[in-house]
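Enquirer:
2 protein chains.
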Amino acid sequence: MAADRFARSKAVFERAARVIPGGIYGTKSPGFLLPGKFPYYIESASGSRITDADGNVFVDYLCGFGSQIVGYGNPAVERAGSERSARGDLLNQPSPLMADLAERLVSRIRGMDWTVFAKNGTDATTLAVSLARVHTGKRVVIAAEGAYHGAANWCSSNLFPELAPDRADVALFRYNDLEGLEALFRRHRGNVACVILTPHHHPAFRPQVLPDPELYPTVRRLCQAEDALFVMDDIRDGFRLHPEGSHVRFGAEPDLVCVAKALANGWPLAALLGTGRVRSAADSFFITGTYWMSGAPMAAALACLDEMERMGGVGRMEALGTALREGLESAGREAGFSARVSGPAAIPYLTFDEDPDLYLNQRFCGAMADRGFFLHPHHNWFVSLAHSEADIAATVEAAREVFVEMSGER
Amino acid sequence: MAADRFARSKAVFERAARVIPGGIYGTKSPGFLLPGKFPYYIESASGSRITDADGNVFVDYLCGFGSQIVGYGNPAVERAGSERSARGDLLNQPSPLMADLAERLVSRIRGMDWTVFAKNGTDATTLAVSLARVHTGKRVVIAAEGAYHGAANWCSSNLFPELAPDRADVALFRYNDLEGLEALFRRHRGNVACVILTPHHHPAFRPQVLPDPELYPTVRRLCQAEDALFVMDDIRDGFRLHPEGSHVRFGAEPDLVCVAKALANGWPLAALLGTGRVRSAADSFFITGTYWMSGAPMAAALACLDEMERMGGVGRMEALGTALREGLESAGREAGFSARVSGPAAIPYLTFDEDPDLYLNQRFCGAMADRGFFLHPHHNWFVSLAHSEADIAATVEAAREVFVEMSGER
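Top to bottom, those sequences are chains A and B.
To convert, take the position in the first sequence, counting from 1, and add 7; that gives our numbering.
To convert, take the position in the second sequence, counting from 1, and add 7; that gives our numbering.
Listed below in structure tokens is the structure:
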């Protein structure tokens with residue numbers, strides 16, 4: 008039975024495997040870790056729901072890896088993007104709405120004075136690091152072990168020896184290890200260009216970690232003493248933790264902020280924002296990409312920023328996420344599990360304290376997928392403004408069944 | 008009068024300059040070199056025509072830096088992209104049409120066995136170079152001076168000393184200098200990962216250069232002896248020189264081919280294609296980007312590949328470009344100028360033999376812009392399938408007037 012449920016996904020995969028390395032982008036489907044539990048191909052989506060290639064429907068908590076914040080196919084966002092696309096998306100030069108969006112972002116993201124647009128989130132983080140190097144005249148970048156800043160060679164998991172020079176000047180500390188961070192600054196004194204962090208720590212395969220209350224004050228003190236910059240990579244968290252940027256939630260004061268994903272509800276757009284002191288480096292930098300000036304994602308972003316507020320914004324996602332966390336943890340507890348939901352309420356991730364190897368986690372997510380809930384077993388989840396209270400209640404109800412079933416297996 | 012013509016462009020620029028470094032992406036508007044001649048912002052576009060922020064209409068020969076091949080707002084392409092966007096663009100995983108497009112490209116681009124999708128053209132060239140390094144176990148990349156392979160630090164014009172390590176293993180030869188190329192291979196013997204070239208040479212500010220008939224045979228011989236790969240960066244030329252890839256036009260045999268731009272008529276999509284021998288490196292590489300699996304640009308690409316053929320394909324662009332070249336050169340000659348159109352017929356660029364400093368070129372392009380023809384003074388042009396014979400004739404007619412006017416000024 009389970010085999011038939013993904014018959015078309017598998018047929019497409021077999022075709023794709025002939026002409027695409029890996030047949031699909033390997034890490035994108037939890038189906039590779041949990042065969043028979045998740046689809047490989049998705050056909051369509053609407054609101055909080057995705058429909059796979061075989062017609063199976065899931066309440067989705069991956070949200071296009073965080074990109075969907077006002078719901079798949081949000082009518083206001085789609086209307087704005089498509090209208091701009093029909094009148095001209097990629098032109099030789101930007102359309103005037105680039106100025107509208109730049110003004111909007113600079114006035115919204117606290118502490119930022121300017122912005123430039125790009126396409127991938129990685130474009131923004133890579134540009135941030137390059138500008139920090141040019142601004143400071145130094146090379147070393149300090150980041151947290153297991154943090155995700157994109158798929159460029161300086162930060163990706165492609166640890167081939169031939170690519171080692173690309174990441175030679177990147178130094179890693181254990182997240183929240185303040186002494187380790189201080190030690191890195193000592194070791195690289197006079198050579199540190201910047202620290203780059205995500206607002207909270209969301210490594211794959213591990214519980215999420217909130218910043219130690221002393222982390223950002225320490226980063227600030229060390230950067231000031233070293234004359235280094237602080238880059239906030241807000242690509243995954245952005246617009247779910249605080250309307251003015253996730254750094255505000257945690258009292259951090261970055262020099263550069265990267266956003267993407269939820270910015271335009273998944274229309275391809277990234278932005279790098281910065282303070283006045285970094286502007287001369289940005290002015291002197293050749294920043295370009297054929298698709299970076301395209302208007303449709305910018306129109307979608309303007310509509311998305313409005314929709315976020317109209318639909319209840321951070322407060323509503325916080326409330327939905329809190330209900331999900333409390334419901335899941337309590338249902339787990341009742342069945343005898345220490346199921347713990349880590350991370351900010353709107354960006355939850357469940358692990359079992361008794362199972363660091365994620366076996367129970369995979370069992371749980373697989374059984375939830377059987378019931379039509381898309382919960383990624385090794386990547387954090389996202390709540391969106393398209394989730395309803397009824398979605399959350401149904402998710403908790405299904406989880407209760409699954410926990411009881413799992414409890415019977417022990 | 009000329010000042011008023013771009014009043015809104017200038018007003019938007021003044022706003023943008025406060026919040027965007029450079030106020031616009033600097034190199035994107037020829038207006039920075041020729042004040043008062045070109046707009047800074049474009050409002051809309053249709054077919055072969057763009058309308059700027061002030062309502063001025065231009066017959067456009069920049070085509071979104073080569074992206075527009077079947078015309079701005081091509082109905083079939085827009086329909087396919089928008090329909091896919093409305094049903095779900097960025098999903099957690101690809102839609103089945105990724106397999107359709109992969110099969111289509113692999114069967115179309117000659118000699119290629121697999122493909123992966125990305126967003127920016129730079130994503131494809133950077134991935135190509137990384138895979139070549141991983142495949143060969145070597146680091147050195149050989150490229151041509153003045154060639155454009157994207158805006159990543161390894162290949163961009165950001166020559167800041169702090170970024171020098173990013174381009175440390177890139178060695179440059181003078182285009183078509185076969186002895187210089189051989190010398191580079193000798194100097195780096197045992198360390199060359201790949202040669203990367205554009206099908207023809209299109210440096211900014213210079214006449215374009217077609218490949219010496221011995222260039223590709225020499226590249227092939229040297230790469231074979233060194234066990235290095237040959238990467239064809241077909242991003243700018245792609246689909247205008249040969250329907251199966253520009254390498255076929257010139258008899259080149261690349262191991263990796265990069266395409267983007269015209270692939271989806273400007274919808275954001277890039278693809279890297281490769282031969283079977285490079286597949287194991289691609290299989291082992293973590294290739295990802297949040298937006299890379301999005302379906303709308305893939306649907307647009309499938310429609311665009313059909314439209315290209317339906318509208319007459321390479322043959323028609325070749326004919327239009329030949330008429331433009333012959334018309335411009337003959338009109339120039341009649342007025343006493345050695346105006347020469349270089350490059351392939353569908354990717355023309357005009358310079359004056361008597362004026363290597365481009366003063367006459369700027370004068371010419373500025374006067375053409377006054378008359379409603381968008382010809383970039385320092386970047387090659389593009390013919391598209393949306394250009395009509397009447398567009399070409401009107402362009403030549405206007406050029407005739409301009410040459411006569413310029414002749415009177417001497």
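Positions of the beta carbon are idealized from the N, C-alpha and C atoms, including for glycine.
Only a predicted model underlies this, so the values are computations on that prediction, with no experimental measurement involved.
Is the beta carbon of Arg28/A sitting closer than 7 Å to the one on Asp290/B?
Expert: Rather than Arg, the amino acid found at residue 28/A in this sequence is Pro. Taking 7 Å as the Cβ cut-off, Pro28/A and Asp290/B qualify as a contacting pair.
Enquirer: Closest to Phe45/B by CA distance: which of Glu333/B, Asp364/B, Thr58/B is it?
Expert: When only C-alpha atoms are compared, the closest one is Thr58/B.
Enquirer: Sort Thr133/A, Arg227/A, Gly258/A, Ala151/A by Cα distance to Ala159/A and report the nearest one.
Expert: Residue Thr133/A is the option with its Cα nearest to Ala159/A.
Enquirer: What did DSSP end up calling Arg472/A once you bin it into helix, strand or coil?
Expert: Because chain A in this structure spans residues 8 to 417, residue 472/A falls outside the shown range and cannot be described.
Enquirer: When the cut-off is 7 Å and only beta carbons count, does Ser163/B lie next to chain A?
Expert: Ser163/B counts as touching chain A.
Enquirer: Taking C-alpha atoms, which residue in Phe192/A, Leu179/A, Tyr356/A, Arg247/A lies nearest to Thr2/A?
Expert: Summary: the structure shown does not reach residue 2/A, with chain A confined to residues 8 through 417, and so no result is reported for it.
Enquirer: In three-state terms, what does DSSP make of Phe13/B?
Expert: Of the three classes helix, strand and coil, the one that applies to Phe13/B here is coil, per DSSP.
Enquirer: Is Pro264/B near Leu280/B, with beta carbons less than 7 Å apart?
Expert: Here the sequence assigns Val to residue 264/B, which means Pro is not the residue at that position. Yes.
Enquirer: Am I right that Leu97/B and Ser74/A are in contact with their C-beta atoms under 8 Å? What's the rounded C-beta distance?
Expert: 5 Å between Cβ atoms; contact.
Enquirer: Could you check whether Ser55/A and Asp398/A sit closer than 7 Å to each other, using their CB atoms as the reference points?
Expert: In this structure, Ser55/A lies closer than 7 Å to Asp398/A by Cβ.
Enquirer: Val19/B versus chain A: which residues are under 8 Å apart at the beta carbon?
Expert: Under the 8 Å cutoff, chain A gives Pro103, Ala106.
Enquirer: By how many angstroms is the C-alpha of Asn183/A removed from the C-alpha of Ala406/A?
Expert: Taking the straight line joining both Cα atoms gives about 32 Å.
Enquirer: So Leu170/B contacts chain A; which residues on that side make the cut at Cβ distance below 8 Å?
Expert: Simply Ser137, Arg140, Val141.
Enquirer: Count the other CB atoms, across all protein chains shown, that sit within 10 Å of the CB of Tyr366/A; report buried if there are 16 or more and exposed otherwise.
Expert: Under this definition Tyr366/A is an exposed residue.
Enquirer: What are the residues that DSSP puts in a beta bridge with Glu281/A?
Expert: Contrary to the premise, residue 281/A reads as Gly rather than Glu in this sequence. The partner list for Gly281/A (beta bridge, DSSP) reads Trp121/A, Leu263/A.
Enquirer: Do Trp161/A and Ser26/B come within 7 Å of each other at the CB atom, strictly closer than that value?
Expert: Note on residue identity: the sequence assigns Val, not Ser, to residue 26/B. The answer is no: Cβ separation not under 7 Å.
Enquirer: Does DSSP classify Phe45/B as helix, strand or coil?
Expert: Coil.
Enquirer: Taking the alpha carbon of Asp176/A as the point to measure from, which residue in Ser164/A, Asn63/A, Ala109/A, Ala150/A has its own alpha carbon closest?
Expert: Per the Cα distances, Ala150/A.
Enquirer: Judging by CA-CA distance, which residue of Ala376/B, Arg286/B, Trp274/B is the nearest neighbour of Tyr298/B?
Expert: Minimum Cα distance to Tyr298/B is reached at Trp274/B.
Enquirer: From Leu217/B, Gly252/B, Leu41/B, pick the residue whose C-alpha is nearest to that of Arg111/B; which is it?
Expert: Minimum Cα distance to Arg111/B is reached at Gly252/B.
Enquirer: How about Pro214/A and Thr358/A: do their beta carbons lie closer than 7 Å?
Expert: Cβ distance < 7 Å, so Pro214/A and Thr358/A count as in contact.
Enquirer: Give a yes or no on whether 7 Å exceeds the smallest Cβ distance from Gln369/B to chain A.
Expert: By this cut-off, Gln369/B is not an interface position.
Enquirer: Looking only at DSSP bridge pairs, what is Ala178/B linked to?
Expert: Ala178/B pairs with Ile149/B.
Enquirer: Going along the chain, which unbroken runs of the alpha helix (DSSP H) with 4 or more residues stay wholly within the segment 291–342 of chain A?
Expert: Counting only runs of 4 or more, we get 302–317, 320–341.
Enquirer: Against chain B, with Cβ distances strictly below 7 Å, would Leu382/A count as a contact?
Expert: Output row for Leu382/A: interface = no.
Enquirer: Evaluate Glu21/B with the Cβ neighbour count: other Cβ atoms within 10 Å of its Cβ, from every protein chain shown; 16 or more gives buried, anything less gives exposed.
Expert: It is exposed - the Cβ of Glu21/B has fewer than 16 other Cβ atoms within 10 Å.
Enquirer: So with CB distances below 8 Å, who are the chain B contacts of Ile49/A?
Expert: What Ile49/A touches in chain B: Gly95, Leu98, Asn99, Gln100, Pro101, Ser102.
Enquirer: Quick check on the DSSP output: the alpha helix (DSSP H) that includes Ala129/B runs from which residue to which?
Expert: Checking the sequence shown, residue 129/B turns out to be Thr, not Ala. Run containing Thr129/B: 128–143, per the alpha helix (DSSP H) assignment.
Enquirer: With 16 other CB atoms within 10 Å as the buried threshold, where does Ala211/B fall?
Expert: Per the 10 Å Cβ criterion, exposed.
Enquirer: Please tell me whether Leu40/B and Gly373/B are closer than 7 Å, where the distance is taken between their beta carbons.
Expert: Result no, Cβ atoms of Leu40/B and Gly373/B do not sit closer than 7 Å.
Enquirer: Using 8 Å as the Cβ pair cut-off and three pairs as the minimum, do the segment 317–337 of chain A and the segment 93–107 of chain A touch?
Expert: Judged by Cβ distances under 8 Å, the segment 317–337 of chain A makes no contact with the segment 93–107 of chain A, as fewer than three pairs qualify.
Enquirer: Starting from Asn160/B, find everything on chain A with Cβ-Cβ shorter than 7 Å and list it in chain order.
Expert: Ser137, listed in chain order.
Enquirer: Quick one: is Ser137/B buried, meaning 16 or more other Cβ sit within 10 Å of its Cβ, or exposed?
Expert: Result: buried.
Enquirer: For Ser89/A, which residues in chain B fall below 8 Å Cβ to Cβ?
Expert: Ordered by position in chain B, the residues that pass the 8 Å Cβ test against Ser89/A are Ser89, Ser92, Ala93.
Enquirer: When burial is assigned at 16 or more other CB atoms within 10 Å of the CB, is Arg94/A buried or exposed?
Expert: The residue in question, Arg94/A, is buried, as its Cβ has 16 or more Cβ neighbours within 10 Å.
Enquirer: Give the single residue among Pro220/A, Phe167/A, Val348/A, Gly197/A whose Cα lies nearest to the Cα of Ala235/A.
Expert: Looking at the Cα atoms, Gly197/A is the closest of the given residues.
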